[in-house]
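**Student:** The listed protein sequences correspond, in order, to chains G, Y and W.
Under this note's numbering, the first residue of the first sequence is numbered 198, with each subsequent residue one higher.
Under this note's numbering, the first residue of the second sequence is numbered 57, with each subsequent residue one higher.
Under this note's numbering, the first residue of the third sequence is numbered 768, with each subsequent residue one higher.
For each residue, glycine too, the CB sits at the ideal point set by N, CA and C.
Values in this document were obtained by computation on a predicted structure and should not be read as measured data.
I have a structure I would like to understand better, so I am pasting it below and will then ask my questions one at a time.
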Amino acid sequence: MTIDIPALLVGAILLAGLYATMSYGLALIYGVMKIVNLAHAGVMMWAAYAVFVLIVNAGLNPFLAPLITVPVFFLLGMLLQRYVVRRVMFAPPISSLLLLFGIWLIMQNISYLGFTGDTRAITTKYTLMTFEFLGIAISINRLVVFCVGILALLVMRQFMGRTYMGKAIRATAQDGDASKLVGINTDRVMEIAFGLGIALASLAGSLMALIFAFDPDFGRSHLLKAFCIVVLGGLESMVGVALGSLVLAVAEALSVLWIMPALQDFVSFALLVIVLIVMPGGMMGLLAKLKKT
Amino acid sequence: MQVKELLRSWKTWISLALIIFLLLVPFLGIGGGYLQTLAFLTFLYVILSTAWNILGGYTGQTSFGHATFYGLGAYTTSILVLRGVSPLVTMPIAGLIAGIYGLLWGYPCLRLRGQYFAIATIGVGEATRLLMLNLDDLIKNIPLLKEALQDGVLTGGATGLMLPTPEDIRAYAMGFYYLAMGLMFAALLTSWWVKKSKFGLGLFAINMDIDAAETVGVNTVSYKNLALVLSAFMVGIGGSIYAQYMFYIDPQTVFGFPMSISMVLMPTIGGIGTIVGPILGAVVYIVVQDRILTANIEIGTFTLSLSTLHLLLYGGLLVVIVLFEPKGILGLQKRLVRRWGKRAIEAVPVKKMA
Amino acid sequence: MAVMIEGIEVSKYFGGLAAVHNVNFRVQEGEIFGLIGPNGAGKTTLFRCITGVYPATSGKITYKGRDITQLMPHATCVLGITNTHQVVKPFSDMTVLDNVRVGAFFGRGWKQGEVKDATKEAMRVLEFTGLAPKVSFLARNLTLPDRKRLEVARALATRPELLLLDEVVAGLNPTETDMMIGLIRQLRDNGLTILMVEHVMRAVLGVSDRVMVLNFGEKIAEGTPKQVSTNPQVIEAYLGKSYAAAAKAEQQSNQQVSKQ
Chain G
198 MTIDIPALLV
208 GAILLAGLYA
218 TMSYGLALIY
228 GVMKIVNLAH
238 AGVMMWAAYA
248 VFVLIVNAGL
258 NPFLAPLITV
268 PVFFLLGMLL
278 QRYVVRRVMF
288 APPISSLLLL
298 FGIWLIMQNI
308 SYLGFTGDTR
318 AITTKYTLMT
328 FEFLGIAISI
338 NRLVVFCVGI
348 LALLVMRQFM
358 GRTYMGKAIR
368 ATAQDGDASK
378 LVGINTDRVM
388 EIAFGLGIAL
398 ASLAGSLMAL
408 IFAFDPDFGR
418 SHLLKAFCIV
428 VLGGLESMVG
438 VALGSLVLAV
448 AEALSVLWIM
458 PALQDFVSFA
468 LLVIVLIVMP
478 GGMMGLLAKL
488 KKT
Chain Y
57 MQVKELLRSW
67 KTWISLALII
77 FLLLVPFLGI
87 GGGYLQTLAF
97 LTFLYVILST
107 AWNILGGYTG
117 QTSFGHATFY
127 GLGAYTTSIL
137 VLRGVSPLVT
147 MPIAGLIAGI
157 YGLLWGYPCL
167 RLRGQYFAIA
177 TIGVGEATRL
187 LMLNLDDLIK
197 NIPLLKEALQ
207 DGVLTGGATG
217 LMLPTPEDIR
227 AYAMGFYYLA
237 MGLMFAALLT
247 SWWVKKSKFG
257 LGLFAINMDI
267 DAAETVGVNT
277 VSYKNLALVL
287 SAFMVGIGGS
297 IYAQYMFYID
307 PQTVFGFPMS
317 ISMVLMPTIG
327 GIGTIVGPIL
337 GAVVYIVVQD
347 RILTANIEIG
357 TFTLSLSTLH
367 LLLYGGLLVV
377 IVLFEPKGIL
387 GLQKRLVRRW
397 GKRAIEAVPV
407 KKMA
Chain W
768 MAVMIEGIEV
778 SKYFGGLAAV
788 HNVNFRVQEG
798 EIFGLIGPNG
808 AGKTTLFRCI
818 TGVYPATSGK
828 ITYKGRDITQ
838 LMPHATCVLG
848 ITNTHQVVKP
858 FSDMTVLDNV
868 RVGAFFGRGW
878 KQGEVKDATK
888 EAMRVLEFTG
898 LAPKVSFLAR
908 NLTLPDRKRL
918 EVARALATRP
928 ELLLLDEVVA
938 GLNPTETDMM
948 IGLIRQLRDN
958 GLTILMVEHV
968 MRAVLGVSDR
978 VMVLNFGEKI
988 AEGTPKQVST
998 NPQVIEAYLG
1008 KSYAAAAKAE
1018 QQSNQQVSKQ
């Protein structure tokens, strides 16, 4: 079996864009509220099904579907935060972990009820289209997914850096009390930040539905990968998340050279555990440390 | 004086009656041995629940990866039995292997705080499952390791392993039933002893404020690891008896995430950090699994099979518990007792740290 | 008098920030040693280096001649050094008695079998600190002054020889402060060596034998309370240059008056 490394790498880069989108939502929620959102997986899964219904049943153009799902999920996220998650904000962190985990289980079950456990995939006229670039066949689907993902991140970057709400979010993430003192409505901020996190997860899910097959259990391995990236990326910055996504995607892609394809996920899980232990500050933390010494 | 108090409490009499009933179950032949199997599973799950509680409830380290120990216990026993080792002998070995594995990934992971540790355990759980699923293929080309393969099989991959069944299965099942019951009491005794001891006091201190505990002399690193190893050992033995009773194991079941989830759910439902809580949680879990989830509700012409609702149920339970009564069933009971002003004598006996 | 604890060129860096920089100190046995300085001066950090919560980046700390620089907090506790925390950290869901028993059990290594002794020790300490009537209260139901006392009681149960108190009177009203100070004096009279970080000047200057002043992580003064409180550099650190100049001027005029 000849392995085409350039194709592998290109594929990895395209995937990295998606990974980054999937991870940033997680990082945002954790950064602002110090809550690990286990329901992230459920959201990605639900978004995938939502998109499925829109495309397969309603005949919507696959690349327009996210435009519908994302705002809906944003609202859902805000409501979830306001009425449920807020209650456990000041409980020990394990409470929010279990709560969101419970919500994820519920989401899974609803999907089982509505769609059964059959694996679904979305095939559109775009699915098999590719175009040639420097001798490498690039899937149109994946390219668009990559572009949308990057676009979303860039928009987020502008939002966080330039708008009032973006800055308010960053302020609350750094110091909730101080933010309150300067007049920021931290309750509102957390609602919006959570909503954004969920929205990003739903965007990731909507895009993933175009590339991967899915069933109600979808999202678990992706959740772990997102954790891995978030921890690798150091939790503080978008650049970190982008870098982390790249590192993971490339590591996964190259790992097929040495280990069985079935163990590809093993790479990300092992990496997660190793990174958590060795580099709790992530790569960015490591870089910062290296700069100072 | 404490004995007299115990004798007066209705709880003691009910428990005694229950124990006598359990002892007689194999002879009652209810449902053709169905109740016996159910009781056996309950014993098993009480062991698992109690074991998880030592790490998760007493020490406050929530692990979503305990299935690794269960699976290792089950596979150790199965692999050894298939190679001619006497099943009962494999039990302590299974526990030991699980304990060692616990130390292996526990030591680095326990350096992480709260949530991070929990996430790491999810990663370890999944990684272990994948590893075990593909182990045969992995080692079949490595010179030294491939000696472990028997007919090309070590773990059997996705198809799992099948153990030879004994001839007199009824006698075997009955004997095993009592063994499991005995092990359950051993587990409960262990849990009780830990809670009363200096070790337990240290674990609870770590749970409530690890920095303060460290400051007043608790060797938090050692204690956390010890709790993990003990927990792993017990779960490993649980896995071992599962294999010996079912005669068939596969990676999806014993190493799967649902298994880990169940071990988190049971003590949480029953009452985390207590001795009785895990028992209640295990019973609830088994009853739900067996009775409620095989039932069907009929609403008009619409029949809803509840078997498809178990995730909803558990998820819902978790949400309700976290939001309204983090201390589970026991916590609810205590609250109700206080609310209705019943006499304290009937309430949960004061657990004196003697 | 023997040297209880000595720090030589102790430094602690967080990334590029020097929280503590080349601090030398020496605490004698049986004395009350005060550690003061403006906020952010590095006092708590230095404390943590001593107990081992943070390992010092460089320098050496010895306790009764033994190098403890790299020891973990539980190890230093067993050796005889215990600290209380600025923000009290009780074991919330445990009773007052159990809180202190943790200290009694672990701090000086009571073995499992000596349960009764640990309980006795805990009760003794609780009576000393005045918490005996509240033995079965859950720690999270205590008032702040009681929590502070619990913090001290738990630390005492570890049978320390050197007690590090981190802002132990913070948040207490004057009466409660006086009671705490009285307690501290009693402890010293019973043979304990005490190192205390404090902001409440009345408390620390009134009870310390010697005081050391940190600012921006460095030692800027050391001496008796009187020496330190009239030290211009110290005044400058707390109140700014203009006050320091005024203090210096007053000092000089006092000297001139006494010369005459």
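Got a sec, what are the start and stop residues for the beta strand (DSSP E) Y/Leu168 sits in?
**Tutor:** Counting from 1 along the second sequence, the entry for residue 168 of chain Y is found at position 112. Element bounds for Y/Leu168: n/a, residue is neither H nor E.
**Student:** Can you tell me whether DSSP reads G/Met286 as helix, strand or coil?
**Tutor:** Start at 1 with the first residue of the first sequence, and residue 286 of chain G comes out as number 89. If DSSP states are grouped into helix, strand and coil, G/Met286 belongs with coil.
**Student:** Under 8 Å, Cβ to Cβ, is there at least one residue of chain Y near G/Val444?
**Tutor:** Position 247 of the first sequence, counted from the start, is the residue given in the question as residue 444 of chain G. Chain Y, which has no Cβ nearer than 8 Å to the Cβ of G/Val444, makes this no.
**Student:** Given that a residue counts as buried once 16 or more other Cβ atoms are within 10 Å of its Cβ, and exposed if not, what is G/Cys425?
**Tutor:** Position 228 of the first sequence, counted from the first residue, corresponds to residue 425 of chain G. Label assigned to G/Cys425: buried.
**Student:** Quick check on Y/Thr309: does DSSP put it in helix, strand or coil?
**Tutor:** Indexing the second sequence from 1 puts residue 309 of chain Y at position 253. Looking at Y/Thr309 - three-state DSSP - the assignment turns out to be helix.
**Student:** Is W/Pro927 buried or exposed, if buried means 16 or more other CB atoms sit within 10 Å of its CB?
**Tutor:** Within the third sequence, residue 927 of chain W is the residue found at index 160, counting from 1. Counting Cβ neighbours within 10 Å, W/Pro927 comes out buried, since at least 16 surround it.
**Student:** Find out if the Cβ-Cβ distance for the pair Y/Ile317, Y/Gly129 is shorter than 8 Å.
**Tutor:** Looking up residue 317 of chain Y in the second sequence gives position 261. Looking up residue 129 of chain Y in the second sequence gives position 73. Contact: no.
**Student:** Please look up how many angstroms separate the CB atoms of W/Lys915 and W/Leu939, rounded, as I've assumed it's under 8 Å.
**Tutor:** On the third sequence, position 148 is the one that residue 915 of chain W refers to. On the third sequence, position 172 is the one that residue 939 of chain W refers to. Right, their Cβ atoms sit about 7 Å apart.
**Student:** If the cut is a Cβ gap below 8 Å, which residues of chain W does Y/Leu257 touch?
**Tutor:** As a first step, residue 257 of chain Y is located in the second sequence; it is residue number 201 there, counting from the start. Those are Asp865, Arg868, Val869 and Phe872, listed as they occur along chain W.
**Student:** Between Y/Leu186 and chain G, is any beta-carbon pair separated by less than 8 Å?
**Tutor:** If you number the second sequence from 1, residue 186 of chain Y lands on position 130. At least one chain G Cβ lies under 8 Å of Y/Leu186.
**Student:** If you measure between the beta carbons of W/Val869 and Y/Ala283, is that distance less than 8 Å?
**Tutor:** The residue you call residue 869 of chain W lines up with position 102 of the third sequence. The residue you call residue 283 of chain Y lines up with position 227 of the second sequence. Their beta carbons are not under 8 Å apart, which means W/Val869 does not touch Y/Ala283 by this criterion.
**Student:** Taking the alpha helix (DSSP H) that G/Gln278 belongs to, which residues open and close that run?
**Tutor:** Taking the first sequence and counting its residues from 1, one reaches residue 278 of chain G at position 81. Ala262 to Tyr280 is the extent of the alpha helix (DSSP H) around G/Gln278.
**Student:** Quick one: which chain Y residues come within Cβ less than 8 Å of G/Met457?
**Tutor:** By one-based count along the first sequence, residue 457 of chain G stands at place 260. Chain Y residues near G/Met457: Asn190, Asp193 and Leu194.
**Student:** Verify the CB distance criterion: does G/Val233 have a CB-CB separation below 8 Å to chain Y?
**Tutor:** Numbered from 1 along the first sequence, position 36 holds the residue referred to as residue 233 of chain G. Answer yes: the Cβ-Cβ gap between G/Val233 and chain Y drops below 8 Å somewhere.
**Student:** Whole angstroms are fine: how far does the CA of G/Ala390 sit from the CA of G/Ala383?
**Tutor:** On the first sequence, residue 383 of chain G is found 186 positions in, with the first residue counted as 1. On the first sequence, residue 390 of chain G is found 193 positions in, with the first residue counted as 1. A small correction: the amino acid at residue 383 of chain G is Thr; Ala does not occupy that position in the sequence shown. So the alpha carbons of these two residues sit roughly 10 Å apart.
**Student:** Kindly give me the distance between the Cβ atoms of W/Phe814 and W/Asn850, rounded to whole angstroms, as I take these residues to be in contact under 8 Å.
**Tutor:** Counting from one through the third sequence, the residue named residue 814 of chain W turns up at place 47. Counting from one through the third sequence, the residue named residue 850 of chain W turns up at place 83. Contact flag correct, Cβ pair sits at about 6 Å.
**Student:** By how many angstroms is the C-alpha of W/Met947 removed from the C-alpha of Y/Phe334?
**Tutor:** For this step, residue 334 of chain Y is matched to residue 278 along the second sequence. For this step, residue 947 of chain W is matched to residue 180 along the third sequence. The sequence shown places Pro at residue 334 of chain Y, rather than the Phe named in the question. C-alpha separation (whole angstroms): 44 Å.
**Student:** Output, in chain order, the set of chain Y residues within a Cβ distance shorter than 8 Å of G/Ala467.
**Tutor:** Residue 467 of chain G sits at position 270 when you count from the first residue of the first sequence. Chain Y residues near G/Ala467: Gly179 and Ala183.
**Student:** Select from G/Phe409, G/Ser292 and G/Leu420 the residue whose C-alpha is nearest the C-alpha of G/Val246.
**Tutor:** Position 49 of the first sequence holds residue 246 of chain G. Note that residue 246 of chain G is Tyr in the sequence shown here, rather than Val. Residue G/Phe409 is the option with its Cα nearest to G/Tyr246.
**Student:** Using the three-state DSSP reduction, which class does G/Met198 fall into: helix, strand or coil?
**Tutor:** The residue labelled residue 198 of chain G in the question sits at position 1 within the first sequence. With a pLDDT of only 47 at G/Met198, under the threshold of 50, the placement of this residue in the model should not be trusted; the figure read from the coordinates follows. In this structure, G/Met198 counts as coil in the three-state DSSP scheme.
**Student:** Output, in chain order, the set of chain G residues within a Cβ distance shorter than 8 Å of Y/Ala268.
**Tutor:** The sequence position of residue 268 of chain Y within the second sequence is 212, counting from 1. The contacting residues do not exist; Y/Ala268 stays about 15 Å from chain G at best.
**Student:** Give me the Cα-Cα distance between G/Ala450 and G/Ala209, rounded to the nearest whole angstrom.
**Tutor:** Locating residue 450 of chain G in the first sequence gives position 253, counting from the first residue. Locating residue 209 of chain G in the first sequence gives position 12, counting from the first residue. Computed Cα separation, rounded: 6 Å.
**Student:** Indicate whether at least one CB of chain G lies closer than 8 Å to the CB of Y/Arg167.
**Tutor:** For this step, residue 167 of chain Y is matched to residue 111 along the second sequence. It does: the Cβ of Y/Arg167 has a partner Cβ on chain G nearer than 8 Å.
**Student:** Would Y/Ala107 and Y/Ala243 be called neighbours here (beta carbons separated by less than 8 Å)?
**Tutor:** Along the second sequence, read from residue 1 onward, the residue named residue 107 of chain Y stands at position 51. Along the second sequence, read from residue 1 onward, the residue named residue 243 of chain Y stands at position 187. Closer than 8 Å, so yes.
**Student:** Quick check: the Cα distance between W/Ser778 and W/Met979, rounded to an integer number of angstroms?
**Tutor:** Residue numbering aside, residue 778 of chain W sits at position 11 when the third sequence is read from its first letter. Residue numbering aside, residue 979 of chain W sits at position 212 when the third sequence is read from its first letter. Distance between the alpha carbons of W/Ser778 and W/Met979 is about 16 Å.
**Student:** Let me check one thing: in DSSP terms, what residues is W/Lys827 bridge-paired to?
**Tutor:** For the purposes of this step, residue 827 of chain W is identified with residue 60 of the third sequence, where counting begins at 1. DSSP output for W/Lys827 lists W/Ile775 as bridge partner(s).
**Student:** How many angstroms separate the CA atom of W/Met963 from the CA atom of G/Ala375?
**Tutor:** Stepping through the third sequence from its first residue, residue 963 of chain W is reached at position 196. Stepping through the first sequence from its first residue, residue 375 of chain G is reached at position 178. One C-alpha to the other measures close to 29 Å.
**Student:** For my contact list, Y/Thr118 and Y/Val320 are in at a C-beta cut-off of 8 Å; report their separation, rounded to the angstrom.
**Tutor:** On the second sequence, position 62 is the one that residue 118 of chain Y refers to. On the second sequence, position 264 is the one that residue 320 of chain Y refers to. The Cβ separation is near 7 Å, so the contact holds.
**Student:** Any idea what DSSP makes of W/Gly990, helix, strand or coil?
**Tutor:** Counted from its first residue, the third sequence places residue 990 of chain W at position 223. Residue state, collapsed to three classes: strand.
**Student:** Run through chain Y and tell me which residues come within less than 9 Å of G/Asp462, C-beta to C-beta.
**Tutor:** Position 265 of the first sequence, counted from the first residue, corresponds to residue 462 of chain G. Ordered by position in chain Y, the residues that pass the 9 Å Cβ test against G/Asp462 are Glu182, Ala183 and Leu186.
**Student:** Should G/Asp201 be labelled buried (16 or more other beta-carbon atoms within 10 Å of its own) or exposed?
**Tutor:** On the first sequence, residue 201 of chain G is found 4 positions in, with the first residue counted as 1. The residue is exposed, with fewer than 16 neighbouring Cβ atoms inside 10 Å.
**Student:** When Cβ atoms are compared, which residues of the region 907 to 921 of chain W fall closer than 8 Å to chain Y?
**Tutor:** Residues Arg921.
**Student:** Can you give me the Cβ contacts of Y/Ala410 inside the same chain, cut-off strictly under 8 Å, excluding the 5 residues immediately before and after it?
**Tutor:** Position 354 of the second sequence, counting from 1, holds the residue named residue 410 of chain Y. Its pLDDT being 47, under 50, Y/Ala410 is placed unreliably by the model, and nothing is read from it.
**Student:** In the DSSP output, what is Y/Gly113 paired with across the bridge?
**Tutor:** Locating residue 113 of chain Y in the second sequence gives position 57, counting from the first residue. Paired residues: none, contrary to the question.
**Student:** Between G/Leu235 and the ligand GTP, is the CB less than 7 Å from at least one heavy atom?
**Tutor:** Only the bare structure without any ligand can be found here, which leaves the ligand GTP out of the picture.
**Student:** Closer than 8 Å by beta-carbon distance: list the chain Y residues that pair up with W/Met861, in chain order.
**Tutor:** Stepping through the third sequence from its first residue, residue 861 of chain W is reached at position 94. Residues of chain Y passing the Cβ test: Phe260, Ala261 and Met264.
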